[in-house]
Amino acid sequence: MRDTLVKQITNLAEKNKKIVVLAGDIGYKLFDNFIKKYPNRFYNCGVAEANMTTVAAGLAIKGFIPITYTIATFNVYKTVEQIKIDICYPNLGVIVVGVGSGLSYADLGATHHALEDIGVLRSIPNLNIVTPADPLELESLVPQIIKKKQPTYLRIGKRGERNIYKTKPKIHFQKWNEIIKGKKICIIGSGNIIINAFDAIKELNKIKIYPSLISAHTIKPLDKLMLKRIFKNFKYIVTLEEHSKIGGLASSISEFYIENQYKNKFLTLNTGENFIIRSGKQQNAISMVELSANKIKSRIVKFLKK
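In structure tokens:
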């Protein structure tokens, strides 16, 4: 996903001379082409993420469209005060990119596990939170995010993520996308982990279970119109996210659910509430928290029997 992001930014920067990139001592080779084309619009801010965020806010005040880029844990947990006060309080159009979402850097330990980032940021006023499902969805959303010029946290994976879509989808900011149309049960997912639900559905279809699959690419603001339709048309709702049980997609949907007093049945699939220790690579970590395609399938089958 990071390759797709940088390619998009580089292409868009050709026409939009206000786009600038600030990196937290990361992505040198990744941004080589951008730096070659626009050497005066790339800033390596070093291992000083809080300062990078404040610099970005200053650039936004002067009319630029700053994009800060570093590993998600560093671009959130080390900068949350600056995001709140320097960016969101004055409502500045800074795009904070967190690369390596969820367990992308699983083998580097808890310092690199971005499992609480959405929960940390979601309560901050004025901040949009976007979590594309695959590189093609990201490609469709990036120009829209830049055009909006609003405070935005863009949460993406690392590299090698599989595409769910065959071609770039025509999707819109805050309008969730129905990837698979089904009946009785609906899976609402966010981020790269949706591919596991996609694979699980293929197996569920073999035993005559036909879930719908929704990409909730914009977690804040929620697509409330889509949620109302889902709650009306599906008895069973499954939420899926590579994030803590607390504060993420399931929490935001639950808040909406309580406010409207619906009566659907819920299954929430997430990484739990604890630190993930000695996980190894990402796929092993995903298995540890029971978010593999096989586990999603078996957990849904069990859920439907209740």
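Using this note's numbering, the letters of the sequence shown correspond one by one to residues 30 to 335.
We put the beta carbon where it would ideally sit given N, CA and C, even for glycine.
Beta-carbon spacing of residue i, residue j below 9 Å
i    : j    : result
Y182 : G127 : yes
A162 : S241 : no
I158 : T247 : yes
R24  : S280 : The first residue shown for the chain is 30 and the last is 335, placing residue 24 beyond what the model contains.
I325 : A229 : yes
I223 : I208 : yes
L132 : V318 : yes
A143 : R184 : yes
N206 : I243 : yes
L167 : T33  : yes
When the options are compared against residue i, the one with the closest alpha-carbon
i    : options                : result
T108 : I90, A79, G129         : A79
N221 : K197, N120, E284, I193 : I193
V123 : L88, I306, H141        : L88
S180 : C117, K195, A42, T39   : Checking the sequence, you will find Pro at residue 180 rather than Ser. Of the listed residues, the one whose Cα sits closest to P180 is C117.
C74  : K66, Y67, V84          : V84
I346 : G186, K187, T160       : Missing from the structure shown is residue 346; the chain here goes from 30 to 335 and no further.
R31  : F60, K47, N40, P154    : F60
F332 : F227, K310, I238       : I238
D146 : Y106, L156, P154, K113 : Y106
F263 : Q203, F295, N313       : F295
I48  : I94, G309, M255        : I94
L121 : I306, I90, K66         : I90
V76  : T99, P68, K187, K66    : T99
T102 : S283, H272, L320, S308 : H272
E110 : K177, L156, F285       : L156
V125 : H141, P154, A86, G92   : A86
H141 : L320, A322, K334, Q311 : Q311
For residue i, the three-state DSSP class (helix, strand or coil)
i    : result
Y67  : coil
E271 : coil
F332 : helix
E207 : strand
C117 : helix
F295 : strand
V318 : coil
L256 : helix
A282 : Sequence check: residue 282 is Ile here, not Ala. It is helical.
N221 : coil
H142 : coil
L233 : helix
T181 : strand
Rounded separation between residue i and residue j - CA only
i    : j    : result
I64  : F71  : 6 Å
N293 : I329 : 15 Å
D54  : D252 : 35 Å
I216 : G189 : 24 Å
N299 : S316 : 12 Å
E302 : V149 : 14 Å
P250 : E288 : 16 Å
M255 : K204 : 8 Å
A139 : I305 : 7 Å
L170 : G186 : 15 Å
K261 : Y286 : 12 Å
I112 : K195 : 35 Å
S327 : K199 : 32 Å
T268 : I153 : 23 Å
According to DSSP, residues forming a beta bridge with residue i
i    : result
L41  : L41 pairs with nothing; no bridge assigned.
P95  : V49
Y106 : In DSSP, Y106 forms no bridge with anything.
E247 : Correcting the residue identity first, residue 247 is Thr in this sequence and not Glu. Beta-bridge pairing links T247 to V159.
S241 : C215
Short CB-CB distance (under 9 Å) between residue i and chain D
i    : result
L333 : Checking the listed chains, one finds no chain D in this structure; it contains a single protein chain.
Residue i: CB within 8 Å of a non-hydrogen atom of the ligand NAD
i   : result
T99 : Annotation note on the ligand NAD: not contained in the displayed structure, which lists no ligands.
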